[in-house]
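Quick note, the sequence shown lines up with residues 15 to 409 if you use this note's numbering.
The structure under discussion appears below in the form of C-alpha cells.
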Amino acid sequence: MTSTPTGTPSLGARPDEVRRHNRTVLLRRLHVGGPTTRASLAAELGLNRSTIKALVDGLAETGVVEEKVPRQRSGAGRPSLLVLPQPHAAVVLAVDVRVDQVSIALVGLGGAILGRNSWNLRGHTRGPEEVITHVVDSAIVLAADIGVTMVAGGVSVPGVVRRSDGLVHEAPNLHWTGVPLGERLSTVFGMPVVIGNDAELGALAEHLRGAAREASDAVYVSADVGVGGGVISDGSALRGTAGYVGELGHMAVNPAGRQCYCGSTGCWETEVGEPALCRALGLREGSPRGAVVAELRALASSSALVRERLGEFGEWLTVGLVNVVNVLGPELVVLGDLFTALPASLIADVGGEVRKRSLVSRAVGGIRIVVSTLGPDSTLLGAAELAFEPVLDGV
C-alpha cells in the first residue's frame, strides 16, 4: 500500500481498520481529485482491483458515490465507468469572515458550491455576537432552501486562532479579542465547527484546488486591510504551536516606518496592506475595494506608469517576499486577495527582483511567483476543506 496524506495503517492493524483507512483515502482522492475510473484509483492508491471494487460498491450502495458512463468516449469496446462523488452525500458550511464582509457557502462532497450568501459589515454589525447570529440564521435558511443537512462547518477569520477549540485569540481589524467562536457555533449548530486563520486556509485551498496543486512547498500571501501568510511544507499545512502561525504581515521591515496596531513599528503590512496601496494610488485610506481595483486596472496598460506610481510599493513587496523565500524556501509563492489585482508588469518585476536578491531562490534555480487561481473564494473554499478533514473519515 502506498503512503497517503492520512498515513498508513500499522502492520498489526485489524482488517476493519485497514478497510476504513482505504475507504477514507479513496474518498479523499475523489473529493479533491474529482471523477476517475476504478482502474485509475487502483493505480494511484496502490490497491488491488478487488479492493477498489469492494470499496466503490460499498460507497455506491450508501449513495456516497455514483458510477456513470463518461460523456466523451474514445476507442472501441466497453467504456470504463467513472466514479463520481455525490455532492449531497456530505455537505459542510463554509464561512469567510472579513473586515468588511461575511460570506457563507454550503459545499458538497467533491468541492461543489451548492449555495452561497454574503453581506457587508458596518459598524455595530462587526461585533462577534452580531456576526454569529447572522451566520447561524443565514446558514439555516440557505440549507432549508437547498434541502440539505449540514454535517460540519469551517470558518475563516483574519486573526490569531487557537486550532484546538476555535478560540479567536485576537482579530485586531475586527476588534475581536478572546472570542470562543468555535465553541459558540458548534453548540448552536449541534455539529463540529472548526476555525482557522484566513491566510492558512487560503494556502490549503490553493494547495488542494488552485495554483499550488502541483507544489509540495508553497507559501500563500494575501492582502486585505492586513497581510497574512499560509505555508504548505512537504505537502502539508504548517500549523505551528497551538495553531498560531503565518503572521507574515508583522515582519518588521522598516524601522523608520509607520506604527502598526500590533504595537510594533514598520511591519510589512503597513507598507503593502490595503491602506498602503491606497496611499500609493493617491486614494483616500478606506476607499471601497472596487475603487482600488479600478485604479489598478487603469494603470495596467502602461508599465512605465505602474513603476512610477507603484515603484515604492513594489520595493516593499519585494523586501518582504525575499525574507519569506529565504526563511521558508518554497518552490512557489501564491499571491492572493487584493494582490491578485496588481498589474502583471509589477508582479513580473517583483518576481525578477526576488529571484535575483534571494539567496535561497538562487540556490534552487528560481522561485515562481503567481497569483491565486481561486480569487476571492480561496479562503471560503479553504474553510470548507478544513471542515471536510474529519468528515471524510466518517462518511
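For every residue, glycine included, the Cβ atom is placed at its ideal position computed from N, Cα and C.
Asked                                                                                                                           : Found
CB contact flag (Leu69, Glu81, <8 angstroms)                                                                                    : no
Residue of Glu220, Asp248 and Glu228 minimising C-alpha distance to Val3                                                        : Summary: the structure shown does not reach residue 3, with the chain confined to residues 15 through 409, and so no result is reported for it.
C-beta atoms of Glu345 and Ile383 nearer than 8 angstroms                                                                       : no
Spatial distance of Glu403 from Gly168 (CA atoms)                                                                               : 10 angstroms
Same chain, Cβ closer than 6 angstroms to Leu181, neighbours up to 5 away in sequence not counted                               : Pro194
Residues that Pro99 bridges to, as DSSP identifies them                                                                         : Val79
Neighbourhood of Thr284 by C-beta distance below 7 angstroms, restricted to the same chain and skipping five residues each side : Gly271, Arg272, Cys274 and Ala290
Extent of the continuous beta strand (DSSP E) run through Ile127                                                                : Ile127 to Asn134
Distance cut-off 7 angstroms: Asn134 Cβ against heavy atoms of the ligand GTP                                                   : The ligand GTP is not among the ligands present in this structure, which contains no ligands whatsoever.
Contained alpha helix (DSSP H) runs [length at least 4] in the region 179-220, N- to C-terminal order                           : 195-203
From His264, Pro142 and Val46, residue whose alpha carbon lies closest to that of Leu188                                        : Pro142
Top-ranked residue by Cα proximity to Asn62, from Ala74, Pro101 and Asn36                                                       : Asn36
Nearest to Thr191 (by Cα), restricted to the options Val208, Gly173, Val207 and Phe203                                          : Gly173
Pick from Thr279, Gly204 and Gly244 that is closest to Ser392, judged by C-alpha positions                                      : Gly244
Three CB pairs or more closer than 8 angstroms across the region 364-378 and the region 332-341                                 : yes
Ala56, DSSP secondary structure in three states                                                                                 : helix
Local Cβ density within 10 Å of Ser316, reported as buried at 16 or more and exposed below that                                 : exposed
C-alpha distance - Ser359 paired with Val336, whole-angstrom precision                                                          : 18 angstroms
Own chain residues within Cβ distance below 6 angstroms of Thr16, not counting five before or after                             : Reliability of the predicted coordinates at Thr16 is poor, the pLDDT of 33 falling under 50, and no value is obtained from them.
Straight-line Cα distance separating Asp231 from Ala355                                                                         : 24 angstroms
Contact the region 286-301 vs the region 321-328: 3+ CB pairs below 8 angstroms                                                 : yes
Beta-bridge pairing of Cys281 - partner residues as DSSP gives them                                                             : Ala266
Own chain partners of Val111 with C-beta closer than 6 angstroms, once the 5 adjacent residues on each side are dropped         : Val171
Residue span of the beta strand (DSSP E) that contains Arg37, given as start and end                                            : No beta strand (DSSP E) holds Arg37; the alpha helix (DSSP H) holding it covers Pro29 to Gly47.
For Glu399, the three-state DSSP class (helix, strand or coil)                                                                  : helix
Length of the line joining the Cα atoms of Val116 and Asp179                                                                    : 21 angstroms
Helix, strand or coil at Arg382 [DSSP, three-state]                                                                             : strand
Alpha carbon of Leu394 to alpha carbon of Ile118, nearest angstrom                                                              : 7 angstroms
Buried or exposed (CB count within 10 angstroms, at least 16 for buried), Leu373                                                : exposed
DSSP state of Leu319 mapped onto helix, strand, coil                                                                            : helix
Supposed close pair Leu349, Ser386 - CB separation, criterion 8 angstroms                                                       : 7 angstroms
Anticipated Cβ contact below 8 angstroms, Cys292 with Ser278, distance rounded                                                  : Between Ser278 and Cys292 the Cβ distance is about 21 angstroms, and since that is not below 8 angstroms, they are no contact.
Euclidean distance between Cα positions of Asp248 and His138                                                                    : 42 angstroms
Length of the line joining the Cα atoms of Gly77 and Val409                                                                     : 10 angstroms
For Gly366, the first and last residue of its enclosing alpha helix (DSSP H)                                                    : Ala358 to Arg371
Through-space distance from Pro101 to Arg323, alpha-carbon basis                                                                : 47 angstroms
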